[in-house]
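**Q** Got a structure for you, questions after.
Number of protein chains: 2
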Amino acid sequence: MVHVSKQDICREIYARKGGDIKIKKEKTFVKNLARIFDAALKISNEKGFAAMSMRDLSRASGLSMGALYAYFSGKDELLEMLQRTGRTITIRMLTEQTAGEIDPRVKLRTAVLTHLFLSEAMQPWFYFFYMEAKNMNEEGREKAKAAELATEKVLADIIREGRDLGLFNDRNALMTAAVIKAMLQDWYLKRWKYAGRNITVDQYGRFLIDFIEAFCLRPDQKPPSPGEGGESGPE
Amino acid sequence: MVHVSKQDICREIYARKGGDIKIKKEKTFVKNLARIFDAALKISNEKGFAAMSMRDLSRASGLSMGALYAYFSGKDELLEMLQRTGRTITIRMLTEQTAGEIDPRVKLRTAVLTHLFLSEAMQPWFYFFYMEAKNMNEEGREKAKAAELATEKVLADIIREGRDLGLFNDRNALMTAAVIKAMLQDWYLKRWKYAGRNITVDQYGRFLIDFIEAFCLRPDQKPPSPGEGGESGPE
DNA sequence: GTCTATATACGGATAGAC
DNA sequence: GTCTATCCGTATATAGAC
């Protein structure tokens, strides 16, 4: 359902880079950049991007120090690439997936689950994006904030729509969206916790939807259930 | 209601340190350590602890490089001190505040608001604690996780209690506690967002309680409202 | 107790061979 | 395209004067 290929991502970066790229063959570029990204995300998510040295990255990616600098101009650019890539994919996927639906009740579910499954498929990216935003320059931080607000707005708009149609309660839509975001983010920020309890994405998703709908939906407006959104039982 | 003094915190550290402390007079120790903490939190929360150099800290705290090393043995110990201090205070405050109450409905509100107001009063500490946990050694990270689980357990126990008394719905208490934590944390992690919208702590608290109670409380069990927990209106 | 000056190492980045 | 060897700045930490 939500699938993103590492190769596709890197190919796109290759295409976008234009003339100032040092590696000629797309194939080697894609292969190595994917290794670099993997290694960088792994190390950064363990001890932080700032604490990751280029030597660490060289060792983990299997490329020499010198070679690394053929793929990015410096540590700053690497950070920028990682952030931009994560941002781009998220926004694209979210808007794509929620485009078709009309019923706000279903749309809300779809948006929540899309975000959730996407963050599951790309956990290292999402985690990195969240934790390393503050290490960026002013421009990068602003873009990160804008991305947060954009995904929040997707949720808020759905909620407003549902409210206007009389399906949802009349509550602060933006605040509701904000806390939904917080709950969605918790899934990829605290994987250690949920993994330790053997909670699956699906369980988490079902629980979230129950929780959200208890607040948003008017009592008599349970939506036509495509996923049979049953109650989440006691532990 | 929730008040924590910088001086008290530092005095306690002074008392705990025992013999291997280099500064003799409590007064200078407390005064300077408070300055160090302030500066360290400020810089770290802007660009990350790893990116903060001792020179940065020296400049911002007004103490020379050499003097700093009279207060901690190195950057690692400073990190450890900051984390431990934050942890200790949080757990103590939370258990203290929720101890008296009996009615689980009121207790839940109290726990949520206590956590929220505490995190407001000590925002830099909480933010730092969350964002810099992964820069610590194994032991430090384990303690951070334990602290997360401990505060979560406080919430979960209240919810279980309410369920057993027939006041709350029969839902997964631990999962509920987990998402409540996520929402509470959002307040101090994304202050920029809420500040930009002129949302006050009280508004956020009221909203959270409405949200949580919509899911947790059985329909006919609105609690005796001490704070008159009215609906949070539309934006 | 606090300062300045400095030892020492480590990190990012580049040069130039292959 | 990739490697090794190296430059050079900056970081942590300390020595020793005041």
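Protein chains in written order, with the working numbering: chain A, 465 to 699; chain B, 465 to 699. The C-beta atom is built at its ideal place from N, Cα and C for all residues, glycine as well. Computed from a predicted structure; not experimentally measured.
Can the beta-carbon of Glu596/B be found closer than 8 Å to that of Ser508/B?
**A** yes
**Q** List the residues of chain A that Trp429/B touches, going by C-beta distances under 9 Å, in chain order.
**A** Since the first residue shown for chain B is 465 and the last is 699, residue 429/B is missing from the structure and cannot be characterised.
**Q** The segment 673–689 of chain B: which residues have C-beta closer than 8 Å to a C-beta of chain A, in chain order?
**A** Asp674, Phe675, Ala678 and Phe679
**Q** Quick one: what does DSSP say Leu505/B is sitting in, helix, strand or coil?
**A** The DSSP-derived three-state label of Leu505/B is helix.
**Q** Would you say Gly694/A faces chain B, with C-beta separation under 8 Å as the test?
**A** In this prediction, Gly694/A scores a pLDDT of 47, lower than 50, which makes its location untrustworthy; no coordinate-derived value is stated.
**Q** Alpha carbon to alpha carbon, how far is Thr664/A from Cys474/B? Give it in angstroms, no decimals.
**A** 43 Å
**Q** Could you compute how far the alpha carbon of Pro688/A sits from the alpha carbon of Thr640/A?
**A** 22 Å
**Q** Tell me the residue span of the alpha helix (DSSP H) that contains Val570/A.
**A** For Val570/A, the uninterrupted alpha helix (DSSP H) segment begins and ends at Pro568 to Ala585.
**Q** Out of Gln471/B, Ala503/B, Ile555/B and Lys488/B, which one is the CA nearest neighbour of Lys495/B?
**A** Gln471/B
**Q** Taking the alpha-carbon positions, what's the Lys489/A to Ser469/A distance?
**A** Each residue's Cα considered, the two are about 19 Å apart.
**Q** Between the C-alpha atoms of Gly669/B and Leu580/B, what's the straight-line distance to the nearest angstrom?
**A** 7 Å
**Q** Express the C-alpha separation of Gly630/B and Ala614/B in angstroms, rounding to a whole number.
**A** 25 Å
**Q** Counting only beta-carbon atoms, is Val665/A nearer than 8 Å to chain B?
**A** No, Val665/A lies away from the interface with chain B (no Cβ there is under 8 Å from its Cβ).
**Q** Quick one: does Lys489/B have its CB under 8 Å from some CB of chain A?
**A** So, not an interface residue.
**Q** So what does DSSP say about Phe590/B, is it helix, strand or coil?
**A** helix
**Q** If the criterion is Cβ atoms closer than 8 Å, does the pair Pro568/A and Ile644/A meet it?
**A** no
**Q** Quick one: grab the DSSP three-state call for Leu681/B.
**A** strand
**Q** Where does Phe536/A sit, in a helix, a strand or coil, going by DSSP?
**A** coil
**Q** Can you tell me the Cβ-Cβ gap for Ala575/A and Leu619/A, rounded? I've got them flagged as a contact below 8 Å.
**A** 6 Å
**Q** Does Cys474/A have its Cβ less than 8 Å from a Cβ in chain B?
**A** no
**Q** Starting from Thr640/B, trace the alpha helix (DSSP H) in both directions and tell me its first and last residue.
**A** Going by DSSP, Thr640/B is part of the alpha helix (DSSP H) stretching over Ala637 to Leu653.
**Q** What residues from chain A crowd round Met518/B, counting only those whose CB sits closer than 9 Å?
**A** Near Met518/B there are no residues of chain A at all, since even the closest Cβ is about 15 Å away, more than 9 Å.
**Q** Just mark Trp656/B as buried or exposed, buried being the case when its beta carbon has 16 or more other beta carbons within 10 Å.
**A** Exposure of Trp656/B is indicated by the presence of fewer than 16 other C-beta atoms within 10 angstroms of its C-beta.
**Q** What are the start and end residues of the alpha helix (DSSP H) that includes Arg627/A?
**A** Glu602 to Asp628
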